[in-house]
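*Asks:* Counting in my numbering, the sequence shown runs without a single skipped number right up to 497 at its last residue. We treat Cβ as the ideally placed atom computed from N, Cα and C, and that holds for glycine. This structure is a prediction, so every number in the text was calculated from the model and none was measured. Just dropping this structure here.
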Amino acid sequence: MKAIIPAAGLGTRFLPVTKSQPKEMLPVVDKPVIQYVVEEAVAAGADDILIVTGRGKRAIEDHFDRSVELEELLERSGNTSKLREVRNISDIADVFYVRQKRPRGLGHAVACGAPFTSDNEPFFVMLGDVLVPANDCLPRLKAVQEKHGGSVIAVVPVPQEYVSRYGVISGREVEPGVWEVNDLVEKPPVNQAPSNLAIFGRYLLSPKIMDILPKIEPGRGNEIQLTDALKELLKHEEVYAVTMECTGYDTGNVLSWLEANVALTLETEEYGSALRNALEKMLTQEG
Numbered sequence: 211m212k213a214i215i216p217a218a219g220l221g222t223r224f225l226p227v228t229k230s231q232p233k234e235m236l237p238v239v240d241k242p243v244i245q246y247v248v249e250e251a252v253a254a255g256a257d258d259i260l261i262v263t264g265r266g267k268r269a270i271e272d273h274f275d276r277s278v279e280l281e282e283l284l285e286r287s288g289n290t291s292k293l294r295e296v297r298n299i300s301d302i303a304d305v306f307y308v309r310q311k312r313p314r315g316l317g318h319a320v321a322c323g324a325p326f327t328s329d330n331e332p333f334f335v336m337l338g339d340v341l342v343p344a345n346d347c348l349p350r351l352k353a354v355q356e357k358h359g360g361s362v363i364a365v366v367p368v369p370q371e372y373v374s375r376y377g378v379i380s381g382r383e384v385e386p387g388v389w390e391v392n393d394l395v396e397k398p399p400v401n402q403a404p405s406n407l408a409i410f411g412r413y414l415l416s417p418k419i420m421d422i423l424p425k426i427e428p429g430r431g432n433e434i435q436l437t438d439a440l441k442e443l444l445k446h447e448e449v450y451a452v453t454m455e456c457t458g459y460d461t462g463n464v465l466s467w468l469e470a471n472v473a474l475t476l477e478t479e480e481y482g483s484a485l486r487n488a489l490e491k492m493l494t495q496e497g
């Protein structure tokens, strides 16, 4: 199984911190966002992972590479637990890289991975700034794909007033939480949205998408939209959408990144209790 992780975005919502640091390297508790995404791919059975980067993203490559000096320092100091943790990062999977030389949209970023995919095997696409900590979304996509075929995307209900921020699907529900898609619209006006089911950032796509992407004209924002390619894919095969039953965070959004840090820190044995007490104290003072 292969996974493509687009991680070439500029992260403008996090400026100025992302002026010199990729948004995918922002920490959630004690790991960068991109590490959670790679670990999720591995947990779902992906052993070959392609990260689509861009200018200024070298820190991502360095993170998954060996750091001989750091390892030697940890070994000399006897910090074996941290040494093991650091080494495991570079051994987690076979990680490859390709650069998206110009920011031409998500569809173009996925197309950059065409030589990485095969002609007869579906592959995951996972946005590099979206977290699913429980790793329970991709197995659901795989189960639906094995049952129905075609391509499968994750969707999540959003308030109607926010649909213009997302790609949105319409379709018929063929079983609880599974929709056979008949249309997709990228960031529709609120009064024109076909539903409130927004594409979340997890896809299991058939290789046919790689034949379609080079033919897609620039759409919204003058970018090659993956949503437009999926709409074209509907002419050739079925596309299904799965309503997420898991918790996810779009860490490209500042508030959602903060929520992810709080939620995941509260789950830790080391910091959870202390953070909960600190939050209760702050909220009491606010009241």
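So, is SER361 buried or exposed, given that buried needs 16 or more other C-beta atoms within 10 angstroms?
*Replies:* The residue labelled residue 361 in the question sits at position 151 within the sequence shown. Answer is buried; the Cβ neighbour count reaches 16.
*Asks:* Thinking C-alpha only, which one of CYS322, GLY255, GLN245, GLU282 is nearest ARG312?
*Replies:* As a working mapping, residue 312 is identified with position 102 in the sequence shown. Ranking CYS322, GLY255, GLN245, GLU282 by Cα distance to ARG312 puts CYS322 first.
*Asks:* What are the residues that DSSP puts in a beta bridge with VAL388?
*Replies:* One-based indexing of the sequence shown puts residue 388 at position 178. Looking at the DSSP assignment, VAL388 forms a beta bridge with GLU385, VAL452.
*Asks:* Check the DSSP bridge columns for THR263 and list the partner residues they point to.
*Replies:* One-based indexing of the sequence shown puts residue 263 at position 53. Answer is ARG309.
*Asks:* Near TYR246, what residues of its chain come up, given a Cβ to Cβ distance below 6 Å and the 5 sequence neighbours on each side ignored?
*Replies:* One-based indexing of the sequence shown puts residue 246 at position 36. Answer for TYR246: LEU341, listed in chain order.
*Asks:* Tell me, please, whether the stretch 425 to 435 touches the stretch 444 to 457 by the rule of three or more beta-carbon pairs shorter than 8 Å.
*Replies:* Touching, no.
*Asks:* Just verifying my parser: in three-state terms, what is the DSSP assignment at SER328?
*Replies:* As a position in the sequence shown, residue 328 is number 118, starting the count at 1. SER328 falls in the coil class under three-state DSSP.
*Asks:* Roughly how far, in whole angstroms, is the beta-carbon of ALA217 from the beta-carbon of LYS267, given that I think they are within contact range, below 8 Å?
*Replies:* The residue labelled residue 217 in the question sits at position 7 within the sequence shown. The residue labelled residue 267 in the question sits at position 57 within the sequence shown. Yes, they are in contact, since the Cβ atoms of ALA217 and LYS267 sit about 6 Å apart, within 8 Å.
*Asks:* Can you tell me where the alpha helix (DSSP H) with ARG350 in it begins and where it stops?
*Replies:* Position 140 of the sequence shown holds residue 350. 348 to 358 is the span of the alpha helix (DSSP H), which, as asked, contains ARG350.
*Asks:* Residues in its own chain within less than 7 Å of LEU337 by CB, not counting five upstream and five downstream?
*Replies:* As a position in the sequence shown, residue 337 is number 127, starting the count at 1. Counting only Cβ-Cβ distances below 7 Å, and skipping sequence neighbours, we find PRO216, GLY411.
*Asks:* List the endpoints of the continuous beta strand (DSSP E) containing MET420.
*Replies:* Residue numbering aside, residue 420 sits at position 210 when the sequence shown is read from its first letter. Where MET420 is concerned, there is no enclosing beta strand (DSSP E), although the alpha helix (DSSP H) it sits in stretches over 418 to 422.
*Asks:* What are the boundary residues of the beta strand (DSSP E) that LYS212 is part of?
*Replies:* Locating residue 212 in the sequence shown gives position 2, counting from the first residue. First-last of the beta strand (DSSP E) with LYS212: 212 to 216.
*Asks:* Return the bridge partner residues of ALA408 from the DSSP annotation.
*Replies:* The residue labelled residue 408 in the question sits at position 198 within the sequence shown. According to DSSP, ALA408 bridges with VAL366, VAL378.
*Asks:* Around the C-beta of ASP460, are 16 or more other C-beta atoms found within 10 angstroms, so that it is buried, or is it exposed?
*Replies:* Taking the first residue of the sequence shown as 1, we reach residue 460 at position 250. Buried is the call here.
*Asks:* State the start and end residues of the unbroken beta strand (DSSP E) segment that holds VAL526.
*Replies:* Missing from the structure shown is residue 526; the chain here goes from 211 to 497 and no further.
*Asks:* With distance defined between alpha-carbon atoms, name the residue in ALA488, ASN330, ARG350 nearest to LYS418.
*Replies:* Residue mapping note: residue 418 aligns to position 208 of the sequence shown, counting from 1. Nearest of ALA488, ASN330, ARG350 to LYS418, Cα basis: ASN330.
*Asks:* Would you decide whether ARG375 is buried or exposed? Buried here means 16 or more other CB atoms lie within 10 Å of its CB.
*Replies:* Within the sequence shown, the letter at position 165 stands for residue 375. With fewer than 16 Cβ atoms within 10 Å of its Cβ, ARG375 is classed as exposed.
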